[in-house]
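Numbering (the UniProt record's numbering), first residue to last: 1 to 462.
Every residue, glycine too, gets a C-beta built ideally from N, C-alpha and C.
Note sheet for the following structure.
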Ligand SMILES: Nc1ncnc2c1ncn2[C@@H]1O[C@H](COP(=O)(O)OP(=O)(O)OP(=O)(O)O)[C@@H](O)[C@H]1O
Ligand SMILES: [Mg+2]
Ligand SMILES: [Mg+2]
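Here it is as structure tokens:
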């Protein structure tokens with residue numbers, strides 16, 4: 001990465017950037033989005049680098065809260081690409097996909113002269129390309145849990161150690177409440193490096209006054225708490241805190257505005273299908289509940305959110321409607337799961353966590369559909385492309401998922417499962433069945449992979 005920075009003549013520029021660097025297992029993107037929104041609301045020009053993207057690669061680079069324009073993206077992309085073509089060779093090859101995107105992020109943010117660059121780690125911490133930053137203003141570690149174990153290690157201690165690899169000597173860092181094992185590992189690393197290290201508590205909803213967090217689910221209060229700590233410290237260390245009063249009882253109005261106006265798709269997002277519409281505000285039709293959870297802990301928070309979100313909807317249904325004065329709301333909803341996860345993940349951990357948490361909250365799926373992702377080919381490498389013929393699609397992984405699902409529901413009635421060869425075919429089936437089943441409403445939870453969520457969003461919004 002240092003060689004690449006040199007090739008792009010970015011060494012100076014990167015040391016001038018006032019970076020907030022965020023690692024963690026879950027909640028990085030959300031925490032970064034809250035932080036960006038808060039600091040923008042305080043009047044700063046922001047750059048936000050996140051991963052992965054849902055639909056368009058430009059989502060990863062936001063300037064002042066908006067993804068970089070196609071014109072600018074192309075300009076900076078080719079600027080970097082051409083320099084690498086010229087300067088790389090046998091000893092230093094072309095940077096790989098994620099390294100390239102990270103370098104492009106640094107190029108865009110320095111050329112566009114942002115006041116603050118908020119950088120989400122791609123994977124791990126210590127060896128992540130974003131860790132080329134030597135002197136961030138502040139670092140954050142979000143909730144830690146089990147993911148990417150084959151790379152980061154199988155204990156929370158090892159995983160936490162990797163993430164704490166973003167700590168820099170003497171640079172302050174915050175984390176959220178963690179398990180004892182994870183916290184010890186973080187504290188050890190912090191004390192070795194003389195890092196002032198503190199725990200940011202979850203945001204107390206009362207501090208938002210009449211506003212609501214712009215991202216939904218209980219877990220977002222944890223991410224918001226960290227974002228508030230990171231933003232405050234950034235303001236303080238850059239001499240911009242001025243007369244803003246921030247403590248456990250008060251949030252400045254700019255912070256509240258930032259927290260409530262944040263926008264990040266694919267996290268606890270509800271999208272009514274534009275084709276099979278919900279009639280009379282809450283009647284029949286097809287609704288997608290999309291969340292990119294893909295670790296055991298996040299599937300649990302996702303299941304809790306889904307249970308509450310459809311409950312709110314049922315609540316509406318139970319209110320007497322002029323056309324259906326005696327309608328029993330709950331009978332008119334049908335929950336479907338649309339699921340896929342990457343094959344590096346363990347469905348024996350993921351699916352039971354989802355199913356059990358839903359069951360604890362009184363939600364049972366009537367059907368589960370397993371599909372392959374579409375776009376992942378374009379998102380992890382420059383080179384591979386998806387199969388073009390339907391018969392080339394390998395569905396063995398989806399069949400494995402289905403088997404795990406069926407084993408979980410062995411003696412249960414009223415729960416079926418299917419494997420579909422593609423997302424469009426699954427959506428087509430959902431639309432036809434939701435249309436025919438009116439007035440029953442189809443409530444479809446799409447989860448297990450952010451790539452899946454992105455693919456589904458792209459299709460339903462077309
Ligand atoms: N604090 C949290 N604790 C547990 N799960 C969370 C938390 N925050 C977010 N999640 C879950 O993780 C999913 C992804 O959230 P987010 O994009 O903020 O995390 P991330 O760390 O950037 O994930 P990724 O590994 O995909 O980059 C959410 O849709 C939600 O299900
Ligand atoms: Mg991840
Ligand atoms: Mg992310």
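Let me know if residue i comes out buried or exposed under the rule of 16 or more other beta-carbons within 10 Å of its beta-carbon.
| i | result |
| --- | --- |
| residue 200 | buried |
| residue 144 | buried |
| residue 120 | buried |
| residue 194 | exposed |
| residue 442 | buried |
| residue 2 | exposed |
| residue 444 | buried |
| residue 446 | buried |
| residue 275 | exposed |
| residue 347 | buried |
| residue 262 | buried |
| residue 253 | exposed |
| residue 405 | buried |
| residue 250 | exposed |
| residue 11 | exposed |
| residue 232 | buried |
| residue 177 | exposed |
| residue 110 | buried |
| residue 298 | buried |
| residue 95 | buried |
Mind reading off the beta-carbon distance from residue i to residue j? Whole number of angstroms is fine, and I expect it under 8 Å.
| i | j | result |
| --- | --- | --- |
| residue 19 | residue 202 | With 8 Å as the limit, residue 19 and residue 202 do not qualify as a contact, their Cβ atoms being about 25 Å apart. |
| residue 490 | residue 75 | Residue 490 lies beyond the residue range present for the chain, which begins at 1 and ends at 462; the question has no answer from this structure. |
| residue 51 | residue 122 | 5 Å |
| residue 138 | residue 234 | 6 Å |
| residue 306 | residue 358 | 7 Å |
| residue 36 | residue 48 | 4 Å |
| residue 456 | residue 288 | 7 Å |
Got a sec: does ligand 3 put a non-hydrogen atom nearer than 7 Å to the Cβ of residue i?
| i | result |
| --- | --- |
| residue 437 | no |
| residue 143 | no |
| residue 163 | no |
| residue 295 | no |
| residue 50 | yes |
| residue 29 | yes |
Flag residue i as yes when its Cβ comes closer than 7 Å to any non-hydrogen atom of ligand 2, and as no otherwise.
| i | result |
| --- | --- |
| residue 147 | yes |
For ligand 1, is there any heavy atom lying closer than 7 Å to the beta carbon of residue i?
| i | result |
| --- | --- |
| residue 355 | no |
| residue 118 | no |
| residue 274 | no |
| residue 450 | yes |
| residue 225 | no |
| residue 301 | yes |
| residue 298 | yes |
| residue 26 | yes |
| residue 267 | yes |
Would you call the segment 343 to 361 and the segment 417 to 433 in contact, with 3 or more CB pairs under 8 Å? Contact between the segment 343 to 361 and the segment 417 to 433 is not established, with fewer than three Cβ pairs separated by less than 8 Å.
With a threshold of 8 Å, are at least 3 pairs of Cβ atoms found where one atom belongs to the segment 444 to 462 and the other to the segment 292 to 301? Yes, the segment 444 to 462 is in contact with the segment 292 to 301.
Can you list, in chain order, the stretches of the alpha helix (DSSP H) that have 4 or more residues and sit fully within the segment 349 to 435? Unbroken alpha helix (DSSP H) runs of no fewer than 4 residues, entirely contained in the segment 349 to 435, are found at 376 to 380 and 396 to 408, following chain order.
What are the complete alpha helix (DSSP H) segments, minimum 4 residues, inside the segment 53 to 114? For the alpha helix (DSSP H) assignment, the uninterrupted runs of no fewer than 4 residues enclosed by the segment 53 to 114 are, from N- to C-terminal side, 70 to 87 and 97 to 111.
Within the segment 215 to 281, note down every full beta strand (DSSP E) run reaching 3 residues or more, in order along the chain. 269 to 272, all fully within the segment 215 to 281.
Residue ranges of each beta strand (DSSP E) within the segment 134 to 208, 3 or longer: Counting only runs of at least 3 residues, the segment 134 to 208 fully encloses the following beta strand (DSSP E) elements, listed from N- to C-terminal order: 138 to 141, 173 to 175 and 197 to 199.
Does the segment 217 to 237 touch the segment 15 to 34, meaning 3 or more C-beta pairs lie closer than 8 Å? Enough Cβ pairs lie closer than 8 Å, so yes.
Kindly confirm or deny that the segment 34 to 53 and the segment 107 to 117 touch, where touching means at least three C-beta pairs closer than 8 Å. The segment 34 to 53, when compared against the segment 107 to 117, does touch it at the 8 Å Cβ threshold.
Between the segment 152 to 161 and the segment 177 to 193, can you find at least three pairs of beta-carbon atoms closer than 8 Å? Yes, the segment 177 to 193 is in contact with the segment 152 to 161.
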